[in-house]
Amino acid sequence: MRSAAPDPSDTDAWNAYLAEGNAQQARKRVAADVLLRDPSGRVLLVNPTYKPGWDLPGGMAEANEPPEDTVRRELMEELGVRVTLLGLLVVDWVAPHGPWDDQLAFVFDGGTLEEEQADQLRPRDDELSEASFVTVAEAAGRLRDRVRRRFEHALKALDAGRPLYLRDGAPAL
């Protein structure tokens with residue numbers, strides 16, 4: 001049971017009261033990926049070692065890490081590449097599934113790498129076995145259903161010039 005609200009002028013008591021409420025709030029898992037292209041328009045996919053199937057580059061946010069920082073950090077750790085994000089393409093609310101609670105999954109536009117940079121891209125840690133630029137059709141064939149739907153909507157958002165909100169991979173609004 002939550003304690004009675006103290007007088008807000010008692011800063012320490014007020015902050016302790018707010019912290020108690022904060023501790024009872026739901027926590028969301030956050031993933032942040034990037035749609036990154038090469039000069040010929042192919043998209044970058046990565047093959048993680050810790051789960052089946054190919055994926056978009058990116059990963060899970062650390063505690064209190066903004067999604068855009070997450071994707072930049074993951075790209076540097078896993079592929080040794082710095083990108084300037086050009087905008088948000090997708091936010092996907094993913095319902096609980098299997099052992100997992102719900103999640104917010106972001107996809108950002110990473111733009112197009114220069115040819116030399118794209119040609120030199122290689123996994124830099126043991127979380128990835130491969131990184132490959134593939135056609136959009138090849139990507140759709142390699143990605144698992146949930147990620148494929150998010151990827152396809154990210155392409156639509158890129159074409160439309162505005163981000164999309166998805167609910168389990170389908171437009172929600």
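Residues in the sequence shown are numbered consecutively from 1, following full-length UniProt numbering. Note that the Cβ used here is the ideal one computed from N, Cα and C, for glycine as well.
- The beta strand (DSSP E) runs of length 3 or more contained entirely in the UniProt domain "Nudix hydrolase" (27 to 156) are, from start to end of the chain, 29 to 37, 43 to 48, 58 to 60, 87 to 94, 103 to 112 and 128 to 134.
- Non-local C-beta neighbours of Y165 in its own chain, meaning closer than 6 Å and more than five positions away in sequence, comprise V91, A172 and L173, ordered along the chain.
- Counting only the Cα atoms, L44 lies some 26 Å from H97.
- Nearest to H153 by alpha-carbon distance, out of L89, D101 and D119, is L89.
- L173 carries a coil assignment under DSSP once its states are collapsed to helix, strand and coil.
- Just measuring C-alpha positions, the residue of K28, R167 and L86 sitting nearest G111 is L86.
- As a beta-bridge residue in DSSP terms, R167 pairs with W93 and A170.
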